[in-house]
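Some notes on the structure that comes next.
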Amino acid sequence: MNTLLPLTVAVPLGTGFITALLPKKLNRVSDIIAVFSAGVILLNVIFLFGYEGIYEMGGWNPPMGISLYIDSFSWLMLIGVSSVGFLLILYSVKYMSIYTSRNRYYVLFFMMIAGINGTLLAGDIFNRFVYVELAAISSYILVGFGCSSRSLSAAIKFTVLGALASAVTLFSIAILYALYGTVNIAHLGAEITNLHSYNSFFNPLTLSAFMMVIGFGIKAAVIPFHIWQPDALETAPSPAAAAISTILITSTGVYAMLRTAYAVFNSITQLPYLIAFIGLISVVFGTLYAYSAETYKKTISYHSISQIGYIILGLGLGGSPIVHQTAPEAAALAATGSLFHIINYLIFTPVLFLKEGVYEYLSGKEKDSNTDYPTVSKAGIFSLAGIPPFGGFISKLMIIAACFMTGGLPGIIAGIIASAAAVHTVLSLTKKDLLKLKTSLELKNIPGFMKTPILFLSFMCLASSLLFLPVLRQRFLEPARTNIIPIHEQKPESIKK
Amino acid sequence: MKNRSLITVVISRWVSPFIFLYGIYIILYGHISPGGGFPGGVILACSFILALLARGKNAALKRLPYGLAKKLDASGALVFLSLALSGIFFTGVFFSNFLQKLMPGKPLQLISGGTILIINIAIGVKICASVFLIILFISVLRIRKDKEIQTMEEN
Amino acid sequence: MLYILTSFLFLIGLFGIITQRNLIKIIISISIVENAVNMFLVIAGYRNNGIAPILTSEADKAVITAQSVDPFPQAMVITSIVIGLSVLALMVAISLRLYHTYGTYNIDEIIKKQKERS
Amino acid sequence: MTEPLLSAILFFMILSSTVALFTKELLSAVIAAGAVGFGSSIAYLLLGAPDLAITQIVVEVVSLVLLIKVTISFSLKLTSEKSKKPKTAIAAAAIFLIFGLFIVSLNNFPSFGASVMDRVSDAASVFYIKNGLTLTGSANLVTGILLDFRAYDTLGEATVIFTAVTGGIVLLRKKGKKEK
Numbered sequence: 001m002n003t004l005l006p007l008t009v010a011v012p013l014g015t016g017f018i019t020a021l022l023p024k025k026l027n028r029v030s031d032i033i034a035v036f037s038a039g040v041i042l043l044n045v046i047f048l049f050g051y052e053g054i055y056e057m058g059g060w061n062p063p064m065g066i067s068l069y070i071d072s073f074s075w076l077m078l079i080g081v082s083s084v085g086f087l088l089i090l091y092s093v094k095y096m097s098i099y100t101s102r103n104r105y106y107v108l109f110f111m112m113i114a115g116i117n118g119t120l121l122a123g124d125i126f127n128r129f130v131y132v133e134l135a136a137i138s139s140y141i142l143v144g145f146g147c148s149s150r151s152l153s154a155a156i157k158f159t160v161l162g163a164l165a166s167a168v169t170l171f172s173i174a175i176l177y178a179l180y181g182t183v184n185i186a187h188l189g190a191e192i193t194n195l196h197s198y199n200s201f202f203n204p205l206t207l208s209a210f211m212m213v214i215g216f217g218i219k220a221a222v223i224p225f226h227i228w229q230p231d232a233l234e235t236a237p238s239p240a241a242a243a244i245s246t247i248l249i250t251s252t253g254v255y256a257m258l259r260t261a262y263a264v265f266n267s268i269t270q271l272p273y274l275i276a277f278i279g280l281i282s283v284v285f286g287t288l289y290a291y292s293a294e295t296y297k298k299t300i301s302y303h304s305i306s307q308i309g310y311i312i313l314g315l316g317l318g319g320s321p322i323v324h325q326t327a328p329e330a331a332a333l334a335a336t337g338s339l340f341h342i343i344n345y346l347i348f349t350p351v352l353f354l355k356e357g358v359y360e361y362l363s364g365k366e367k368d369s370n371t372d373y374p375t376v377s378k379a380g381i382f383s384l385a386g387i388p389p390f391g392g393f394i395s396k397l398m399i400i401a402a403c404f405m406t407g408g409l410p411g412i413i414a415g416i417i418a419s420a421a422a423v424h425t426v427l428s429l430t431k432k433d434l435l436k437l438k439t440s441l442e443l444k445n446i447p448g449f450m451k452t453p454i455l456f457l458s459f460m461c462l463a464s465s466l467l468f469l470p471v472l473r474q475r476f477l478e479p480a481r482t483n484i485i486p487i488h489e490q491k492p493e494s495i496k497k
Numbered sequence: 001m002k003n004r005s006l007i008t009v010v011i012s013r014w015v016s017p018f019i020f021l022y023g024i025y026i027i028l029y030g031h032i033s034p035g036g037g038f039p040g041g042v043i044l045a046c047s048f049i050l051a052l053l054a055r056g057k058n059a060a061l062k063r064l065p066y067g068l069a070k071k072l073d074a075s076g077a078l079v080f081l082s083l084a085l086s087g088i089f090f091t092g093v094f095f096s097n098f099l100q101k102l103m104p105g106k107p108l109q110l111i112s113g114g115t116i117l118i119i120n121i122a123i124g125v126k127i128c129a130s131v132f133l134i135i136l137f138i139s140v141l142r143i144r145k146d147k148e149i150q151t152m153e154e155n
Numbered sequence: 001m002l003y004i005l006t007s008f009l010f011l012i013g014l015f016g017i018i019t020q021r022n023l024i025k026i027i028i029s030i031s032i033v034e035n036a037v038n039m040f041l042v043i044a045g046y047r048n049n050g051i052a053p054i055l056t057s058e059a060d061k062a063v064i065t066a067q068s069v070d071p072f073p074q075a076m077v078i079t080s081i082v083i084g085l086s087v088l089a090l091m092v093a094i095s096l097r098l099y100h101t102y103g104t105y106n107i108d109e110i111i112k113k114q115k116e117r118s
Numbered sequence: 001m002t003e004p005l006l007s008a009i010l011f012f013m014i015l016s017s018t019v020a021l022f023t024k025e026l027l028s029a030v031i032a033a034g035a036v037g038f039g040s041s042i043a044y045l046l047l048g049a050p051d052l053a054i055t056q057i058v059v060e061v062v063s064l065v066l067l068i069k070v071t072i073s074f075s076l077k078l079t080s081e082k083s084k085k086p087k088t089a090i091a092a093a094a095i096f097l098i099f100g101l102f103i104v105s106l107n108n109f110p111s112f113g114a115s116v117m118d119r120v121s122d123a124a125s126v127f128y129i130k131n132g133l134t135l136t137g138s139a140n141l142v143t144g145i146l147l148d149f150r151a152y153d154t155l156g157e158a159t160v161i162f163t164a165v166t167g168g169i170v171l172l173r174k175k176g177k178k179e180k
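Protein chains in written order, with this note's numbering: chain A, 1 to 497; chain B, 1 to 155; chain C, 1 to 118; chain D, 1 to 180.
Here is the structure:
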């Protein structure tokens with residue numbers, strides 16, 4: 001058992017508690033503590049590279065105690081989350097000086113990171129529920145951090161939907177517990193595969209699966225459940241908006257939904273289609289809403305919904321048993337493309353919010369700007385639009401190509417719709433003048449703490465396309481893909497039963 | 001301050017020590033009878049909340065000052081976390097009940113269950129401070145005539 | 001039967017969240033939903049003629065093993081009750097602050113006043 | 001005997017939650033919601049969960065204090081709701097549709113009183129009940145689970161309420177932004 005595993009959660013928790021104990025005047029000290037421990041978390045995760053296994057909390061075996069579980073997919077998410085988290089903390093040091101009570105902000109931010117790390121490592125659905133709640137509650141507060149009336153109304157909207165989501169998730173856990181008597185993910189998966197013997201489609205198990213998808217779908221802000229997202233992202237402080245749109249949504253929404261769907265409900269063969277369908281809807285309506293959005297931040301928020309849609313679409317296709325049988329390479333491509341797109345999404349979305357923060361910091365105004373930002377940060381928007389050399393292009397292409405490769409009619413229709421949406425994304429960004437290269441802000445004026453994260457992430461937008469190289473792909477993406485997608489070899493018999 | 005009825009003031013002054021005592025009982029005997037850190041902590045907080053509601057902000061803050069409550073809130077959680085971490089130190093496993101393994105007490109006695117008793121006390125203190133703070137914030141927030149918001153925290 | 005009643009309670013809360021326009025009533029609906037879910041879990045842990053999972057003497061052990069209700073859902077429900085309390089406190093804090101700005105708990109009026117200001 | 005009694009309590013809870021939703025006065029809605037909470041506390045007592053009953057009753061007291069505090073300390077307004085009849089009707093229809101789905105789905109759900117422990121022999125709870133006392137030293141098995149077997153969950157939960165308090169401090173402070 002690797003002690004680094006629980007430390008990934010314990011370090012941010014401890015940082016939060018200690019920062020809360022510090023007196024208010026020592027803002028400098030809390031800055032140093034925050035940056036230091038964000039670095040420690042990042043190092044911690046880097047040292048976990050290649051480690052696969054479980055950690056039994058308190059030394060109790062899995063069904064009795066709680067277990068932490070790490071594999072390549074969780075590691076991939078963890079490294080993304082902790083490096084983005086580190087950069088956002090760096091950025092916040094300078095940016096948050098325009099807000100009051102900065103050390104409380106650090107407390108909340110570290111609680112959110114602790115919740116996210118706990119979510120990613122959880123090997124137990126109830127434990128995952130608790131840590132998703134922790135991350136969610138801190139994010140509700142971060143949205144309302146500015147205490148302006150608009151941010152407060154965004155926060156209450158987010159809170160109400162989040163509370164509903166958690167109740168629905170808990171209901172689903174309750175049904176699973178009443179049926180199988182365990183909440184451990186591995187055990188539940190095994191029990192469900194063995195005991196799955198319902199004749200009708202309407203049974204407690206599908207009800208539970210449905211509720212789980214709805215609950216995590218609200219957290220992931222996919223289209224029917226997206227109403228909290230644009231408001232929340234528009235009014236939150238910039239680094240908090242960047243954190244919520246990337247690390248929170250991908251881990252407590254997308255990761256939790258897919259992990260539960262594939263590890264627990266793997267015997268419900270229709271579930272991947274539902275997930276892929278939700279993804280497709282999000283892709284289409286995300287770009288459509290973005291076209292008519294008024295402000296810059298709203299446009300970006302809706303576009304990020306459609307990017308999440310691509311991720312879910314790809315992983316839904318990649319997990320479906322029928323695609324697996326008819327066109328295995330399409331399924332593999334879709335899943336790999338989705339994982340690649342998660343990485344790209346984690347890189348390009350923060351840039352879009354952070355450069356907005358630079359403008360706010362320098363001018364003190366909250367109005368949105370289409371003109372004032374360094375040219376380098378354009379990389380983010382190019383990657384989002386899918387302009388060729390950038391990472392976003394390759395991953396999107398992989399997902400769309402996989403749709404066509406499935407061969408079936410629904411796959412082709414999905415591919416056509418998804419590629420039309422991709423073109424539409426570029427068009428709507430061009431219409432809003434977001435793709436033009438123009439600059440009126442010199443890099444010199446930006447404080448170093450704010451400049452470094454933006455420059456690094458912008459560079460990574462381009463560099464991430466290197467992940468497509470077979471050497472790196474096989475090292476990082478392929479193991480993660482085999483970890484998340486269940487193997488469907490024994491499927492046909494269990495369907496017949 | 002508002003006019004407070006003499007009956008509420010006197011009765012609340014009489015009752016709140018008993019509520020406090022009951023809360024302590026619920027916390028300490030949480031591992032051998034129904035109860036535990038959570039309900040016990042809320043009951044402890046209730047004795048302060050009663051003072052807050054019946055006799056006003058100052059009477060409650062005299063018993064549990066604001067700064068102390070904030071410190072107790074964070075340090076209770078910190079004690080819990082450090083007990084979990086000391087599990088690594090003593091037995092090599094996070095969250096192991098090392099006291100129970102090293103020197104098991106006699107079951108059904110007060111001193112039994114190893115770290116469970118300590119965690120119960122830490123959680124009790126923490127929850128007491130938290131719930132008191134929540135109610136304090138809600139009841140202190142007022143808008144004066146000049147639209148200045150009165151809160152506990154100055155910026 | 002009990003499960004159906006509990007899920008009906010859940011759906012009443014859901015109905016409230018969808019239709020109510022008053023913040024306090026939405027908060028109430030959420031607490032109803034949470035109550036229903038907790039109730040569902042505890043009912044699932046019940047055993048016929050069950051007793052509480054608390055030992056009073058060491059000799060009790062056999063009785064407890066044979067008759068005690070499931071302690072695990074109770075532990076989960078305690079966790080969920082406390083989470084519910086903190087979410088409720090948070091929502092009350094936010095809506096109180098909104099009330100101080102707009103003088104109402106009604107969502108429609110808040111939105112209307114927001115549009116007037118901007 | 002437990003089942004009819006529980007059904008009666010649940011009916012009472014359903015009734016009072018309906019009152020809470022449809023009454024025009026906020027204070028009565030809050031009190032009706034309190035009735036739901038106290039009803040569930042009694043139900044927990046009947047279901048053999050005294051720990052939960054205590055927790056639920058104190059938490060309900062605190063949340064009632066919170067809700068009454070925000071409704072009573074200002075001028076008590078009637079909720080001015082213009083009834084949007086068609087929208088409410090659609091929502092009600094949808095809810096009944098989902099209710100039908102619930103009934104159909106929960107059709108072959110294990111009956112009341114058939115605990116998981118009797119059905120699944122290797123369930124975690126069987127282990128807890130057999131060995132809880134010897135392994136944790138806690139006679140109250142629920143506390144044993146909360147603070148030893150699954151203490152990690154409890155850490156998360158304690159952190160959640162800590163975060164909520166921090167949120168209270170943050171959201172109810174004077175000014176969000178410094179003035180330039």
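Glycine included, each C-beta is placed from N, C-alpha and C at the ideal position.
With a threshold of 16 other CB atoms inside 10 Å of the CB of residue i, please say whether the residue is buried or exposed.
i       : result
A379(A) : buried
A414(A) : buried
L6(B)   : exposed
K178(D) : exposed
I70(A)  : buried
S75(B)  : buried
T295(A) : exposed
E311(A) : The sequence shown places Ile at residue 311(A), not Glu. With 16 or more Cβ atoms within 10 Å of its Cβ, I311(A) is classed as buried.
Nearest-angstrom Cα distance between residue i and residue j?
i       : j       : result
S383(A) : S41(D)  : 54 Å
K491(A) : T269(A) : Confidence in K491(A) is poor, its pLDDT being 43 and thus under 50, which makes the residue's placement unreliable; the coordinate value appears in the next sentence. When rounded, the distance between both Cα atoms is 9 Å.
G217(A) : T169(A) : 10 Å
L205(A) : M212(A) : 11 Å
V351(A) : L457(A) : 7 Å
Y51(A)  : F73(A)  : 11 Å
L472(A) : I247(A) : 23 Å
I227(A) : R13(B)  : 49 Å
I18(A)  : L78(B)  : 8 Å
I78(C)  : H100(C) : 33 Å
S82(B)  : S96(B)  : 12 Å
L76(A)  : S464(A) : 14 Å
L2(C)   : L10(D)  : 8 Å
For residue i, list the residues DSSP reports as bridge partners.
i       : result
G53(A)  : I70(A)
I51(C)  : S68(C)
K177(D) : Y99(A)
N140(D) : I54(C)
Less than 8 Å between the CB atoms is what I'm expecting for residue i and residue j, so what's the real figure, rounded?
i      : j       : result
Y95(A) : Y302(A) : 24 Å between Cβ atoms; not a contact.
D70(C) : S115(D) : 5 Å
F38(B) : F132(B) : Contact flag wrong, Cβ pair sits at about 14 Å.
Problem set entry | Length at least 4, wholly inside the region 67-146 of chain A: the alpha helix (DSSP H) runs in chain order | 72-95, 102-121 and 125-143
Exercise. Residue ranges of each alpha helix (DSSP H) run of no fewer than 4 residues wholly in the region 267-310 of chain A, ordered along the chain?
Worked result: 271-292
Problem set entry | Every unbroken alpha helix (DSSP H) inside the region 337-422 of chain A [4 residues or more] | 378-385 and 391-405
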